[in-house]
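Residues in the sequence shown are numbered from 1 upward in steps of one, following my numbering. The C-beta atom is built at its ideal place from N, Cα and C for all residues, glycine as well.
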Amino acid sequence: MAKIDASSSTRTMEMWLLPFAAMFTQPSWLNAVALATGALLCLNRRTVCAALRAVDGGSDRGFSRFHRFLSRAEWSGLQGAKILLGLLQEAFVPEGEPLVIAVDDSVERRRGVRIRDKGIWRDAVRSSRGFFVKVAGLRWLSLQVMARPGFARRTWGLPFLTVLSRSEQTDARRTRRHQTLPEKATWAMRLVARWCPGRRLVMVGDGAYASLNVFWTLRDHAVCVARCRMDARFFNPPPPRKRGQKGRPRLVGTRQLTPRTRALRKATKWERMIIPGWRTKDGKAEREVDVVTGTALWSAHGKTMPVRWVLTRDPAGRAETRVFVCSDPGQSALQILTWYAMRWAVEPTFQEARRHLGFETQRQWSDRAIQRTTPLLLGLFSLVMLWAADLAARTGQLAMLGAAWYRKPDPTFVDCLAAVRRVLWTEEAVSPILWRDDYPTWRMRARTAENPRPLQQRLAELVSYAA
Numbered sequence: 001m002a003k004i005d006a007s008s009s010t011r012t013m014e015m016w017l018l019p020f021a022a023m024f025t026q027p028s029w030l031n032a033v034a035l036a037t038g039a040l041l042c043l044n045r046r047t048v049c050a051a052l053r054a055v056d057g058g059s060d061r062g063f064s065r066f067h068r069f070l071s072r073a074e075w076s077g078l079q080g081a082k083i084l085l086g087l088l089q090e091a092f093v094p095e096g097e098p099l100v101i102a103v104d105d106s107v108e109r110r111r112g113v114r115i116r117d118k119g120i121w122r123d124a125v126r127s128s129r130g131f132f133v134k135v136a137g138l139r140w141l142s143l144q145v146m147a148r149p150g151f152a153r154r155t156w157g158l159p160f161l162t163v164l165s166r167s168e169q170t171d172a173r174r175t176r177r178h179q180t181l182p183e184k185a186t187w188a189m190r191l192v193a194r195w196c197p198g199r200r201l202v203m204v205g206d207g208a209y210a211s212l213n214v215f216w217t218l219r220d221h222a223v224c225v226a227r228c229r230m231d232a233r234f235f236n237p238p239p240p241r242k243r244g245q246k247g248r249p250r251l252v253g254t255r256q257l258t259p260r261t262r263a264l265r266k267a268t269k270w271e272r273m274i275i276p277g278w279r280t281k282d283g284k285a286e287r288e289v290d291v292v293t294g295t296a297l298w299s300a301h302g303k304t305m306p307v308r309w310v311l312t313r314d315p316a317g318r319a320e321t322r323v324f325v326c327s328d329p330g331q332s333a334l335q336i337l338t339w340y341a342m343r344w345a346v347e348p349t350f351q352e353a354r355r356h357l358g359f360e361t362q363r364q365w366s367d368r369a370i371q372r373t374t375p376l377l378l379g380l381f382s383l384v385m386l387w388a389a390d391l392a393a394r395t396g397q398l399a400m401l402g403a404a405w406y407r408k409p410d411p412t413f414v415d416c417l418a419a420v421r422r423v424l425w426t427e428e429a430v431s432p433i434l435w436r437d438d439y440p441t442w443r444m445r446a447r448t449a450e451n452p453r454p455l456q457q458r459l460a461e462l463v464s465y466a467a
């Protein structure tokens, strides 16, 4: 366990990362602080060498210890995910409100013979319904807390747990038991339920997680909401058993109309609702939606559970008709659609992580380093949001990058990252983190014979090699 002396010489990054100090030994803790600082300050690629250059570590002969921090050091990513989830709850989820967790997957494009867990996946960004694009890489399952920071007016997706999902061919080649994406999501949500006893959980996912097995397994742990198929098979409750009737009691009654048939019927009575955050591509905070809802029994593979389905239709005809299913029949249609609308914040999170945190640019080859680096980058996204929210609470606002031709209504992730970088660069200008007296070093020459490079020189080098 790392022993941190919270003295006047303690860096801001150490204070921010202090909740995670118990995960590391003292040497690993110093390496973690330096790597986190360098990962936030460097540009373009998020490799270990790029992070060291950002903190003036180009002449450090002991650079291999930073690589070993990812590939060999003994620390638990699950313990870090638990700590991060607790920080997100404390900062953004008030007591008594449900913890809404969005579950989604993303493909990290990686190539190389030595990356053994890579597979061939469908590229959801480049593919369409009539055009299929395959990509080689790693598939990650990400669990994100849906929250609204105090400085924002929209919902943000804040990752806290990211696990690798291997293909069936990869598991067969490495003689491992294969787990599908819904099975991994079920395992992850049960883990979160153990981490948050007494907290009401809501899992929101797309059509890949509209599985009766998922809903059945999590029925005592979380409320599940997912987009369902338009030909889903729902049933009415069984009729009351007649007196003297023989045989086993019926589990389900007559089959209900499929959502597709119900949407086409003229006799269907639609109710217009205003859903906050529903398809706000034009900048609106809410939108009108025609809704039909009802309860049913979802039965398949010997399992039967009551659910509520919600059928939606766009009054303007710009969006397709969709149906959603919820494992809690007592929830209203407005609440179910509000929860699902929060899930759309997952995609901007993946996009911002690729654009500003170098997601897909890391170059580790060992299995352990690969399984640690991507979750660390996505977790760094949530940490930046936590630190930016704290800075905004202290100063009253966050500085936003604007121009005469464009005025931002709310801060974006790049504004949050810039606020954190200002604090880190201010300290780096006074004393680079790798040049501290209490930091172990293996430089080419003694400290007395070297001096840190001027900040202007370091910034010019970073900008010159940014592209």
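The distance from the Cβ of D105 to that of S165 is about 6 Å, consistent with a contact at the 8 Å cut-off. Counting along the chain, L334 sits inside the alpha helix (DSSP H) bounded by residues 333–342.
Annotated three-state conformation of V214 is helix, per DSSP. With a contact defined as Cβ atoms closer than 8 Å, L99 and R194 miss out at about 13 Å. By the 16-neighbour rule on beta-carbons within 10 angstroms, P182 is buried. In the three-state reduction of the DSSP assignment, T25 falls in the coil class, being assigned neither a helical nor a strand state. V414 carries a helical assignment under DSSP once its states are collapsed to helix, strand and coil. Residues of the same chain with a CB within less than 8 Å of the CB of R219, apart from the 5 flanking positions on each side, are M305, S327 in chain order. Between C196 and the set G130, A210, I83, the nearest pair of CA atoms involves I83.
Relative to the Cα of A188, the nearest Cα in the group V103, A124, V225 belongs to V103. For A369, the enclosing alpha helix (DSSP H) has its first and last residue at 367–395. Distance from the Cα of T295 is smallest, within the candidate group E320, D314, V325, for V325. Excluding the 5 residues flanking it on each side, L357 has same chain C-beta neighbours closer than 7 Å at R46, L377, L380, F381, in chain order. By the C-beta criterion, the region 65–80 is judged to be in contact with the region 23–40, since at least 3 inter-stretch pairs fall below 8 Å. Taking each of A54, M15, G150, I115 in turn and checking the Cα distance to D367, the smallest one comes out for I115. If you check the CB distance, V291 and W309 do not come in under 8 Å. Beta-carbon to beta-carbon, G77 and R372 are separated by about 6 Å, close enough to satisfy the 8 Å threshold.
Restricting attention to beta strand (DSSP E) runs no shorter than 3 residues, the region 156–234 encloses them at 156–165, 201–205, 223–228, ordered along the chain. Note that the region 236–246 does not touch the region 343–354; fewer than 3 beta-carbon pairs, one per stretch, sit closer than 8 Å. By the beta-carbon neighbour count (other beta carbons within 10 angstroms, threshold 16), V202 is buried.
Taking a C-beta distance under 8 Å as the contact criterion, R148 and W140 do not qualify as a contact pair. Relative to the Cα of P249, the nearest Cα in the group G112, P239, A333, A316 belongs to P239. DSSP places E347 inside the alpha helix (DSSP H), whose first and last residues are 346–356. For D123, same chain residues with a beta-carbon under 6 Å away, outside a window of 5 residues either side, are V133, V135 in chain order. Within the model, the alpha-carbon separation for T293 versus E347 is close to 27 Å. Boundaries of the alpha helix (DSSP H) harbouring F92: 77–92, taken from the DSSP string. DSSP places P276 inside the beta strand (DSSP E), whose first and last residues are 271–276.
When rounded, the separation of the alpha-carbon atoms in D314 and V125 is 24 Å.
In the DSSP annotation of this structure, the continuous segment of the beta strand (DSSP E) that includes W140 starts and ends at 134–147. Annotated three-state conformation of M305 is strand, per DSSP. The C-beta of R61 has fewer than 16 other C-beta atoms within 10 Å across all chains shown, which makes the residue exposed. Burial of W16 is indicated by the presence of at least 16 other C-beta atoms within 10 angstroms of its C-beta.
Counting along the chain, A124 sits inside no beta strand (DSSP E), nor does DSSP assign it H or E at all. In this structure, the beta-carbon distance from A333 to M385 does not fall below 8 Å. Judged by DSSP in its simplified three-state form, T312 adopts strand.
Across the structure, A316 and N31 are spaced so that their CA atoms are roughly 55 Å apart.
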